[in-house]
Amino acid sequence: MQTDSQLAQLGLFNARVPRYTSYPTAPQFGKDIGGDTFADWVRALAPGSRISLYIHIPFCRRLCWFCACRTQGTSSDAPVIAYVETLKAELALLRAALPEGVTLSRLHWGGGTPTLLLPAQMRDLAGAIFDVVPLGPDSEFSVEIDPNEIDDARLDALAAAGMNRASIGVQDFDAEIQAIIGRDQSYEITQAAVQAIRARGVRSLNADILYGLPNQTNAKLAASVQKLLSLSPDRVALYGYAHVPWMARRQQMIPSDTLPRPEERLDLFETARRLFEWDGYDEIGIDHFARPEDGLGRAMRAGTLRRNFQGYTDDTAEALVGLGASSISRFPQGYAQMNPATSGWTKAVRAGQFATTRGHVFRGDDLLRARIIEALMCDFAVRKAELSSRFDVTAEALDALFAPVAEKFAGYVTHDAAGLSIPVRGRPLTRMIAAAFDAYAMDSKGHSSAV
């Protein structure tokens, strides 16, 4: 794939579109979803079913300037201790609503920096979770680990609790780039963390790396990727840095004139992509790579790859339940988000209520469009036969939906009797093609660059 004038004419280098980890996307959530609705949706889960559970820890010892996540800095353990106690109270609310026999397919601790919890807190929180909803067969328990904020005692606590997948943030190993983005993390510290994780029998390791960072060049990114490859992660997320200083004020610390142009961003992505491919990784969707034996690689080949708020996943649970401030849940009925302010979330939970403040009830053709977008993002293809079997829609109606998109992206999209697909040369346009099926009004300022 190469940058060419047609990609420019189609607007790739100017567009800002969603990453489509949900549909409708979070900016479309309304304030008509509250704690009672969240509780009703939990009660409606099938007894004996499997769910995914996300636990959000919004604290960091330091705030990295590139990050746009909902986090807050703390130099004291006191707010973290109080937060964990509130999480336990929220888990008690979940227990009261949860049907009998529900088990976990996936458990993920994210943030923020979950590894700033003390070992005793980790054990306490894990125990509280498993008292409410235990791990099921072949389940995964993953934790986001900051190599700068981990030690043997905390890794021992996580391993003893059952962590079997770890995720480390790398971003870039170049010292100059790290200084500009406020993320000091040497290769040696990262390597030591990986070795300590592996030594405890953790079977799977994820890593995140960014392209499009300030002063990043192909040579610098290639060097960082090669260092990352030496650590042999099982899967890698190659995310494009989203510079949105109007939304994430800390990003104002990063000079905009140091950022690569969109055309250069595409070239950076291609540089990293080729290196992962040459090292034997499968390309997963638009921005992930995995060893062939990893669950993502198997799901891609089986056609069961899915996408949620954590990116690509092989999890097939129908419900993802999010606990903690700002966390988002997906139920068969719709989305529900907890109060993003830690203070507001705490006040609601302490009052004995779920802290849901916004969300979306699926209506109209939401689920049809959601599946079309997910299929394009995961498989670069959407099949009419599958859609007709799952939804009340005819092949003719689907053709009428696909035809304008195929015309708009002529040469980069294939529309035939089977459905709609994106050939390799059209892959850089995937998010834009997906956006063509988005029925909701879109404010581009709220989204990241399409490349």
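Counting along the sequence shown from 1, when you hit position 451 you're at 506 in the numbering used here, and nothing is skipped either side. By construction, the Cβ of each residue, glycine as well, lies at the ideal position given by its N, Cα and C atoms.
With DSSP run on the structure shown, which of helix, strand or coil describes residue 309?
-> Coil.
Pair within 7 Å by beta-carbon distance, residue 187 and residue 146 = yes
Is residue 505 helix, strand or coil when you go by DSSP?
-> coil
Of all the options 288, 256, 237, 489, which has the alpha carbon lying nearest to the alpha carbon of residue 78?
-> 489
How close, in whole Å, do the beta carbons of residue 180 and residue 135 come, if the pair is a contact with beta carbons under 8 Å?
-> The pair is not a contact, with the Cβ atoms about 11 Å apart (cut-off 8 Å).
Which residue or residues does DSSP assign as beta-bridge partners of residue 411?
-> Note: residue 411 sits in a beta bridge opposite 393.
Is it buried or exposed for residue 313, if we count other Cβ within 10 angstroms and need 16 for buried?
-> Label assigned to residue 313: exposed.
8 Å contact criterion, which residue 506 and residue 68 should meet: CB distance rounded = 6 Å
C-beta atoms of residue 119 and residue 191 nearer than 7 Å | no
Using three-state DSSP, classify residue 197 as helix, strand or coil.
-> strand
Proximal residues to residue 283 (C-beta, below 8 Å), its chain only, five neighbours per side dropped | These residues qualify, in order along the chain: 225, 228, 262, 264, 291.
Just reading off the alpha helix (DSSP H) that residue 253 is part of, what are its end residues?
-> From DSSP, the alpha helix (DSSP H) with residue 253 extends over 242-254.
Rounded to whole angstroms, what's the CA-CA distance from residue 328 to residue 432? Just pull it up for me.
-> Distance from the CA atom of residue 328 to the CA atom of residue 432, rounded to whole angstroms, is 17 Å.
Work out the CA separation of residue 377 and residue 319 for me, nearest whole Å.
-> 36 Å
Pick helix, strand or coil for residue 543, following the three-state DSSP scheme.
-> As shown, the chain starts at 56 and ends at 506. That puts residue 543 outside it, with no answer to give.
What residues are listed by DSSP as bridge partners for residue 115?
-> Answer by DSSP bridge pairing, in chain order: 128.
Cβ separation of residue 271 and residue 330, assumed to be a contact under 8 Å, to the nearest whole Å | Actually they do not touch by this definition, with Cβ atoms about 14 Å apart.
Same chain only: Cβ atoms within 8 Å of residue 394, ignoring 5 sequence neighbours per side = Close CB contacts of residue 394 within its chain, under the 8 Å cut and outside five residues either way in sequence, are with 380, 381, 400, 403, 410, 411, 412 (chain order).
In terms of alpha-carbon separation, which member of 448, 334, 125 lies closest to residue 423?
-> Nearest of 448, 334, 125 to residue 423, Cα basis: 448.
Straight-line CA distance for residue 473 to residue 439?
-> 6 Å
Based on the DSSP secondary-structure assignment, which residues constitute the bridge partners of residue 226?
-> 264
Every unbroken alpha helix (DSSP H) inside the segment 324-374 [4 residues or more] = 350-357
Helix or strand or just coil, what does DSSP make of residue 295?
-> In the structure shown, residue 295 falls within a strand segment according to DSSP collapsed to helix, strand and coil.
Spatial neighbours of residue 75 within its chain, please: CB distance less than 6 Å, with the 5 preceding and 5 following residues excluded, ordered by chain position.
-> These residues qualify, in order along the chain: 428, 432, 489.
Would you say residue 369 and residue 350 are within 7 Å of each other, going by their C-beta atoms?
-> Yes, these two residues count as a Cβ contact at 7 Å.
Between residue 308 and the rest of its own chain, which residues show a CB-CB distance below 7 Å, the 5 nearest in sequence each way excluded?
-> The beta carbon of residue 308 sits closer than 7 Å to those of 120, 237, all from its chain and outside the five residues before and after it, given in chain order.
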